[in-house]
Amino acid sequence: MKVALITGITGQDGAYLAEFLLKKGYMVHGLKRRSSLFNTDRIDHLYQDPHELGRNFVLHYGDLTDSTNLIRVIQETRPHEIYNLAAQSHVKVSFDTPEYTANADGIGMLRILEAVRLLGLIEHTKVYQASTSELYGLVQEVPQSESTPFYPRSPYAVAKMYAYWITVNYREAYNMFACNGILFNHESPVRGETFVTRKITRAAAKIALGLQDKLYLGNLSAQRDWGHARDYVEAMWLILQQEKPEDFVIATGVTTTVREFVRMAFAELGIEIEFSGKGEAEKAVIIDRDEERLQELGLSAEHIKLGQTVVKVDPQYYRPTEVDLLIGDPSKAQSKLGWKPRYSLDMLVNEMVLSDLKVMQREEYLKKGGFTTLNYFE
Ligand code: NDP
Ligand code: GDR
Numbered sequence: 001m002k003v004a005l006i007t008g009i010t011g012q013d014g015a016y017l018a019e020f021l022l023k024k025g026y027m028v029h030g031l032k033r034r035s036s037l038f039n040t041d042r043i044d045h046l047y048q049d050p051h052e053l054g055r056n057f058v059l060h061y062g063d064l065t066d067s068t069n070l071i072r073v074i075q076e077t078r079p080h081e082i083y084n085l086a087a088q089s090h091v092k093v094s095f096d097t098p099e100y101t102a103n104a105d106g107i108g109m110l111r112i113l114e115a116v117r118l119l120g121l122i123e124h125t126k127v128y129q130a131s132t133s134e135l136y137g138l139v140q141e142v143p144q145s146e147s148t149p150f151y152p153r154s155p156y157a158v159a160k161m162y163a164y165w166i167t168v169n170y171r172e173a174y175n176m177f178a179c180n181g182i183l184f185n186h187e188s189p190v191r192g193e194t195f196v197t198r199k200i201t202r203a204a205a206k207i208a209l210g211l212q213d214k215l216y217l218g219n220l221s222a223q224r225d226w227g228h229a230r231d232y233v234e235a236m237w238l239i240l241q242q243e244k245p246e247d248f249v250i251a252t253g254v255t256t257t258v259r260e261f262v263r264m265a266f267a268e269l270g271i272e273i274e275f276s277g278k279g280e281a282e283k284a285v286i287i288d289r290d291e292e293r294l295q296e297l298g299l300s301a302e303h304i305k306l307g308q309t310v311v312k313v314d315p316q317y318y319r320p321t322e323v324d325l326l327i328g329d330p331s332k333a334q335s336k337l338g339w340k341p342r343y344s345l346d347m348l349v350n351e352m353v354l355s356d357l358k359v360m361q362r363e364e365y366l367k368k369g370g371f372t373t374l375n376y377f378e
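Next up, the structure:
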C-alpha cells in the first residue's frame, strides 16, 4: 500500500488531495496544527475513529517550524510521497507576519528535505513542494512558464522562492525525487474566506439574501489565472508519478480581473451590476434583476434593489506591492503529465456561488427560527 504524508491537510488543497489519494487506495497521514478551536472542518468527512482497526487516514499533530516533530512523524510514517502544502498562505498577511512566514513557508521545506535525508529515506520518499505563481511577481513576460524569471513581490513570495530553490538544490545535490508544482490560483467552495474569490461569492450570497449590505474590496484591476482546486491536486499527484523529478507550471492559461469575477458572481444569482468611477471611488450598483433566476434559487427580489451600491473600494485591502497580472502557460504539464483542467471559470464561479448560497440560506433559516449565534458570555 502506498503511503502519503500531507502537510497542511486541514487547508483547501490538503482536503482535496486527501480525498483524491484515499480514492486511489493510499494510506494517508496528515500533519495538523494544534489549535484552540477545531480546525478540521474541511476533512471531518474523512475522519476515522482511532479505535477502529485498519484505518487509512491518520492525523498527527505537528508544525513546519518544529524540526524534531517533522523528523519523528516522517520516521514513524515512512511515506513514499510527501506533499508539503502547509504554509501561511495569505499574501497580504505575510506583510504583517514576515518572519513567521519565512520560517514556515521557506525553512519549513528545508526541514522536510533534511528529515528525509537524515533518516536515509532519499531512495524511498518523493517530495512535492507547493510552489506558486506569486514567484513571478512583477510582470516580466506573459504567459508565465517554467522558464520565466522570478521577481517576488511579498514576504510570502520571497519565502516561497527559498523553498523553490532548496527543492531544486536537494534534487541536484542529493539526487532526491523533489519537485515543485508552480501552481496558479485555484479556488473551490472550501477556499479560505479571506481570499478574494471566496470573499466575493460569500458576500454576493449574503447580499442576495439581505444578510449583508455591501462588499468592500481592494485592487479590482488585478488579473488572476483562476482554476479549481480539484483539478490542481490531481496535477500534484501526477508530478510525483513521473520517471524523472521535474518542476511544472499548473494553470488554465486564462486570466480575469477581480472586477469581472465580481460581476460573474452576482450574475450567477440573477443580479446584474455595473461598475463606475476610478481608483478608490470605484463602485458597483445593481442595474437589473433576472426574476426567473431569482425564483429558481428561492431568492426574494425585495432584497435586491435597483440602484443599490453593492461593491465599494477600501484601500485597506491594497498591498504594499501588488502582483498585477498572472497568466500561466500549462503546455509542459499538458504534454508531459497529460494534465488539463476540467473546470472552466464559469463552472468554478457557479459551484462556489451556489455552495455559499446554501450556507447562507441555512444561516438565514436559523436566524429566522430564533437560533442566532450562541453567546456563551450572556
Ligand atoms: P490554506 O491556507 O487553505 O491551507 C494552508 C494549510 O497549512 C492549513 O492546513 C494550515 O493549517 C497549514 N499551516 C499553516 N501554517 C502551518 C505551520 N506552521 N505548520 C503546519 N501547518 C501549517 O492553503 P491552500 O490549501 O490554498 O494552499 C496549499 C499550499 O499551496 C500552500 O502552501 C499555498 O501557499 C500553496 N499555493 C496555493 C495556491 C492557491 O491558489 N490555493 C496557489 C499556489 C500555491 P490551519 O488549518 O491550522 O490554518
Ligand atoms: P493571491 O490571492 O494574493 O493571488 O494569493 P487573493 O485571493 O488573496 O488575491 C487575489 C487578488 O485580488 C486582489 N484583491 C483582494 N484580495 C483579497 N484577499 N481581499 C480583497 O478584499 C481584495 N481585493 C482585491 C488582491 O490584491 C490580489 O491581486 C493566492 C494564495 O492562495 C497564495 O497562497 C497563492 O500562492 C497564490 O494565490 C497563487
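Counting from 1, one number per residue, gives the positions in the sequence shown under my numbering. Ideal Cβ placement from N, Cα and C applies to all residues, glycine included.
In the DSSP assignment, isoleucine 250 is bridged to Leu183.
With fewer than 16 other Cβ atoms inside 10 Å of its own Cβ, proline 315 counts as exposed.
Judged by DSSP in its simplified three-state form, glycine 277 adopts coil rather than helix or strand. The beta carbons of isoleucine 112 and valine 127 sit about 6 Å from each other, so the pair counts as a contact at 8 Å. Taken in chain order, the complete beta strand (DSSP E) segments of 3 residues or longer contained in the segment 17-48 are 27-32. Shown here, glutamate 322 sits in coil according to DSSP, grouped into three states, outside any helix or strand.
Of the other Cβ atoms in all chains shown, fewer than 16 fall within 10 Å of the Cβ of phenylalanine 371; this residue is therefore exposed. Following the DSSP letters along the chain, one finds serine 131 inside the beta strand (DSSP E) bounded by residues 126-132. At least one heavy atom of ligand 2 is found less than 8 Å from the C-beta of threonine 194. In terms of side-chain proximity, the C-beta atom of glycine 279 is found no nearer than 8 Å to any non-hydrogen atom of ligand 1. For the pair of segments examined, the segment 146-164 was found to touch the segment 123-138: the number of CB pairs separated by less than 8 Å reaches three. Shown here for phenylalanine 95: same chain residues with a beta carbon closer than 8 Å to its own, the five before and five after excluded, namely Ser154, Pro155, Arg319 and Pro320 in chain order. In this chain, asparagine 84 is not harboured by any alpha helix (DSSP H); it is covered by the beta strand (DSSP E) spanning 81-84.
The three-state reading of DSSP puts phenylalanine 177 in strand, counting E and B together.
For leucine 357, the enclosing alpha helix (DSSP H) begins and ends at 345-368. Within its own chain, the residues whose Cβ lies closer than 6 Å to the Cβ of tyrosine 170, once the five positions on either side in sequence are excluded, are Leu113, Met176 and Ala178, listed in chain order. In the structure shown, the three-state DSSP call for glutamine 144 is strand.
DSSP lists Gln144 as the bridge partner or partners of glycine 328. Straight-line spacing of the CA atoms in threonine 256 and alanine 229 works out to 17 Å.
In this structure the segment 195-213 does not lie against the segment 160-167, because fewer than three pairs of beta carbons, one per stretch, are closer than 8 Å.
Relative to ligand 2, even the nearest heavy atom lies 8 Å or more away from the CB of glycine 30. In this structure, asparagine 185 lies near glycine 227, with their beta-carbon atoms less than 9 Å apart. Collapsing the DSSP output to three states places arginine 224 in a strand. For ligand 1, no non-hydrogen atom lies closer than 8 Å to the CB of tyrosine 317.
Between alanine 265 and valine 313, the C-beta gap is not smaller than 9 Å, which leaves the two residues out of contact.
Counting along the chain, lysine 199 sits inside the alpha helix (DSSP H) bounded by residues 196-208. The Cβ atoms of isoleucine 327 and valine 142 lie closer than 9 Å to each other. For leucine 21, the closest C-alpha among the options Thr167, Tyr83, Glu187 and Leu119 is that of Tyr83. Counting only the Cα atoms, glutamate 378 lies some 33 Å from glycine 11. Within the segment 54-125, the runs of beta strand (DSSP E) that reach at least 3 residues and sit entirely inside it are, in chain order, 57-61 and 81-84. A distance criterion of 8 Å places the beta-carbon of glycine 218 in contact range of ligand 2, judged by its closest non-hydrogen atom. By the beta-carbon neighbour count (other beta carbons within 10 angstroms, threshold 16), lysine 206 is buried. Isoleucine 122 and isoleucine 271 have their alpha carbons spaced roughly 55 Å apart. Between valine 249 and glutamine 144 the beta-carbon gap is near 7 Å, inside 8 Å, which marks them as a contact.
Secondary structure of tyrosine 317 (DSSP, three-state): helix.
Collapsing the DSSP output to three states places valine 311 in a strand.
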